[in-house]
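Step one of this worksheet: look at the structure below.
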Amino acid sequence: MIINRPVTGWLFLVFLTVSLLAGGDSFGQTPQQLEDQGKYDEAAQAFVAAGGRMNYFRAGEAWYEPDSLLKAAAAFLNATQGENGALVEDSLTGLALHKTGLCFYRLEDDEQAIKYYRQAVQIRDKIFPGPHNDRAKSRKNLATSMRFLGNLDSAAVLTREAIAIYEHLPSPDTTNWLRGLNELGDISLELQDMQVALSSFLAARPLVTKVSAEDAFNYYYLGARIYLGFEDFDVAIRHAQRAVALAEQEEEPYWLADVLTVLAGGQRQSKRPEAAKRSYLQAAEILEGDPYETESLRLVYLNLASLLGGAEHEKEALRYLELANTGYAEDPTLLLLEVTKRKGIVQIDAGKPEEALVTYEEGLLKLGGKRGGPGNLVQISPDSISPIYYEEVAQLLGDQALALTHVGRFEDALSSYDAYFNWLDILRNRVNSDASRRFLSQNLRPVFDRAIGVLIDRFLNESNDEDYLWRALALSERAKAYSLLTSIQRDRRNMPKRESELRARIATLERSASKPAPLEAARLELDRLLQQRKTELPETEDFTFREDDLLEMLRGRGSDLMAFHLGAERGHLFVVNHRTGGIGYASIEGVDSLTTEVEAWREAIDASAYQRKSLRPEAEQAALDEAFQNEGLALVSRLFYGKHRYSTIPAGNVLIVPDGALCFLPFSCLPVTPAKPPLNYGAYHYFAKDRNVSYAYSTSVLLAQSKVKAIDYDNNLLAFAPSFGGDAGSGKRAIRQTDLRALKGLEPLQHNREEVESISTFVPGSLSFYGVEASRKRFLETAGSARIVHLSSHGTVNAADPRLSFIAFSQLGDSLELEELLYFNDLSSVAMEAELVVLSACETSLGEYVPGETALSLASAFTASGARSTLTTLWAVDDAATKELMVNFYHHLTAGNSRAEALAIAQRTHREGEDYAHPYYWSAMTLYGAGGPVILKARSPFPWMIAAGGGVLVALLSVFFLRGNRKKR
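Residue numbers (the working numbering): 18 to 986.
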């Protein structure tokens, strides 16, 4: 029977006396001699007979060896007491309490283990006020027991604390440090906090050569599972193979069985089903017949059932599920979830969705769910189940929605999808890093696509009821820019100094692939800090999509909405009329080829460009014109005039929410009415001819930006015109240098100084920096001090790794140093909070598109750092053309026009001029975010009076100085 409280006092001594009388043949030998001979029970009794706290502790250690764990725990507890029975607060007590916790942990009584580990932590914290290995070790063990009881958040906090202690020790316990990092990796996997899981794994890399084969095995086993979660199957397989080699080297068949299951998962996902089946069967062969390995064997059977999908393998798959569901389970809840989920998928794959629904309902009822609500579906509350099961419950609900769709119960399917999204939102809210949020969003996106598809089909096939479109648009909004929305709500102006320092350090380390350990250590410290701050910060505002909120915002802008949603197979366009409040729809076919078509049309824009008059042969220019027009018209037809069309394309102010490849499409210059080549680009009918176009990452992001508290700026305009001294190809070479040493100088910009000087004359209260003064250091010192920030510089995008995208500041020497570049991830520590950021530079709207999020561009990075709107470029713009467009834009912006109107007028002026009528020169500029006017603060007359007075004083002093010199002569 498991002890529920310490065994102390006379009862324990009587028990030990009886034990001593039973072992009389060992008299004459010391306790140590008995222990050395392996006579642990007799040695323990002899230690007790000798008396004293240390001997009680030695008795506990002796009993621990043959797994006499209850006797060991009792002895350890007696070692914590003085002669008067009171607890002694010293290092021996701390160690004895830790060992007591370990005894109950091995007895699988985690509640008792937690009790004694907590006491050990309290004692050790008291006697070791600074970092100490013992403080870290007790925390790590306490976290492990917490995790087994499902208290994942508490376990994560404790493990983070333990790791932080190890990081500050001159001689850390390497083994337990690695185990702590592995523990945090495991916890983070269960929480779906993938960035923390990966950071834990990479931070442990330098330690893995200093630990035992078993700990090294666990390290690679964890790495295989993490990369499997990231769907990097080649790396997952590589780590699994290293773990396989260690298991074989140590002749540990059960290690081998565990890692073969993970290896098979990688093989299966990389489309190697036969190899996966062999690995699963090899694992099953090792485990079958061993009563102590039933849980591992269950997992193998569950995976074999999932592998054998389709009607032809249904019986075999169900047989494996039956085998998995046989006998006692250590975690019956997890087993129920896994069997229910996989059995339902097998039945769906076999064409039996009705049977799958019965399976799902039975499973949810057994989990404590209750019938009720729409369709009398079984509903389950997050409060009724441990957080460690949230992901499995969510997946089960998503699969149930799929089965409901198959049997035509569409409204019930939508209810099930809603429940799925609510559960996954709980998971997204629990993680701290943008990388983990993006991972979850990317996994969520296909399920959003399915649910939106159900709503659109209901609209098309049933009643043309607009309510279905509104619900579909709401889901589309929920599926976009989640991390960006979270970043906007972050209070950057009051960011703690340590958080800002960590974000800056992480940004620097992320660009240096040769330093993974310091990077991951910094990431883990930031994660700990953010976790602590969660309890200090106010609740974030709810920006759930609401029809009334959207219409109010659109009417405030005077804009209609065109919101795109591109799934893997189907695309959708939602059109909202701000005047009538009505919503329209158009289907988008051939989504899989859109990326190629957008890229081809962008190339046609570039290829057909010329200033004033084409110098190409007439036939050649006509062919290029035709390519521009035909490919553009094909896109217009695809995007606006699909098979199902229930809307007209709005005119006037238009707000576009792009998706996927459309994030990189210049809508303004889409051809509307065809013309005969050679084209007159100045008089051509473009999409922008009748429209003022602006963009949003999502309408929820716009709403969040509008709720940000206004601040009082020191200046109206903060502008930079850096100088450079390189050649035309330097920018492209810069982003290809993986070691990020000093870069060759970028090509001089001939017109950026003139651009900034002209703009400064329009905007009162301007603070402008030129040449050497336009430095990165100066920018970081002044960021957030102005309503408008204008950077007329080089910008370069690295689509493969957005963290290497940058804006350049003044080049001080022959080469461009890293200190002269502002990178994408540097902005995470900057409080921008400007009304408008203008990046009059190359390709600043480009970046990697993340499904479920948005394009990771310099524009979105500035938005995340607090900018309410950004004006950026889709390709490498012409310096002179941009200067004229920018000057025109500011002229109309300062005259009171809205941001969208000022841009539209400036672009129209280019089209109507002689030099820059071709869309290459004007359509790259894209405006994201707030579209209204920028209200400028009137310049105070007093600074001018002071300056004028100062000038008179300087002049008078100069006169007296000259007179004095004359007298000396």
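Yeah, the Cβ is synthetic: ideal placement off N, Cα and C, and Gly gets one too.
In this structure, Leu239 lies away from Asn193, with their beta-carbon atoms at least 8 angstroms apart. Across the set Ile728, Gly812, Phe906, the C-alpha of Ile728 shows the shortest separation from the C-alpha of Gly883. Per DSSP, reduced to three states, the secondary structure at Met849 is coil, with no helix or strand assignment.
When the five nearest sequence neighbours on each side are left out, the beta carbons in the same chain lying within less than 7 angstroms of the beta carbon of Ala293 are those of Ala281, Gln284, Arg285, Leu324, in order along the chain. Close CB contacts of Gln364 within its chain, under the 6 angstroms cut and outside five residues either way in sequence, are with Glu372, Ala373 (chain order). If the five residues before and after Arg574 are omitted, its C-beta is found closer than 7 angstroms to the C-beta atoms of Asn670, Leu672, Gly948, Gly949, all from its own chain and listed in chain order.
With at least 16 other beta carbons inside 10 angstroms of its own, Asn842 counts as buried.
Per the coordinates, the alpha-carbon of Trp618 lies some 39 angstroms from the alpha-carbon of Asn446. Secondary structure of Gln828 (DSSP, three-state): coil. Its chain contains Gly118, Phe121, Tyr122, Ser162 as the residues whose beta carbon lies nearer than 6 angstroms to that of Ala130, once the 5 sequence neighbours on both sides are disregarded; these appear in chain order.
When DSSP states are grouped into helix, strand and coil, Val138 belongs to the helix group. Sequence-distant Cβ neighbours of Pro148 in its own chain, meaning closer than 7 angstroms and more than five residues away, are Ile182, His185, Leu186.
Taking 8 angstroms as the upper bound for CB-CB distance, Glu494 and Ser783 are not in contact here, some 37 angstroms apart. About 5 angstroms separates the CB atoms of Ala848 and Gly801; that is less than 8 angstroms, so the two are in contact.
Scanning Ser809, Leu195, Glu347 for the CA closest to the CA of Lys227 turns up Leu195. By the beta-carbon neighbour count (other beta carbons within 10 angstroms, threshold 16), Gly385 is exposed. Contact between Leu340 and Tyr318 holds: their C-beta atoms lie close to 5 angstroms from each other, under 8 angstroms. Under DSSP, Gln396 takes part in a beta bridge, and its partners are Lys387. It is roughly 10 angstroms from the alpha-carbon of Thr47 to the alpha-carbon of Ala67. Looking at the backbone, the Cα of Arg770 and that of Gln628 are separated by about 22 angstroms. By the C-beta density criterion, Val424 is exposed, having fewer than 16 other C-beta atoms within 10 angstroms.
Closest option to Val904, judged by alpha-carbon separation, among Glu178, Thr890, Trp892, Leu920: Leu920.
Looking from the CA of Ala137, the closest CA among Arg156, Asn320, Pro146 belongs to Arg156. Looking at the DSSP output, Gln98 bridges to Leu104. Taking one beta carbon from each stretch, the segment 925–943 and the segment 693–708 have 3 or more pairs nearer than 8 angstroms; the two touch. Going by beta carbons, Gly470 and Tyr437 fall outside the 8 angstroms limit. His582 and His589 have their C-alpha atoms spaced approximately 5 angstroms apart. Annotation: Val261 is outside any beta strand (DSSP E); the continuous alpha helix (DSSP H) that includes it extends over 250–266. Judged by pairs of C-beta atoms under 8 angstroms, the segment 99–117 touches the segment 69–79, as three or more such pairs exist. Note: Leu652 is not bridge-paired with any residue in the DSSP secondary-structure output. Arg315 has its alpha-carbon roughly 19 angstroms from the corresponding atom of Glu269. Taking 8 angstroms as the cut-off, the Cβ atoms of Ile405 and Glu207 count as close. Glu635 and Leu641 have their alpha carbons spaced roughly 10 angstroms apart.
In this structure, DSSP gives Val904 a helical state, which the three-state scheme calls helix. Put simply, the backbone Cα of Glu616 is about 29 angstroms away from that of Ala468.
Counting along the chain, no beta strand (DSSP E) covers Thr161; the unbroken alpha helix (DSSP H) around it starts and ends at 150–165.
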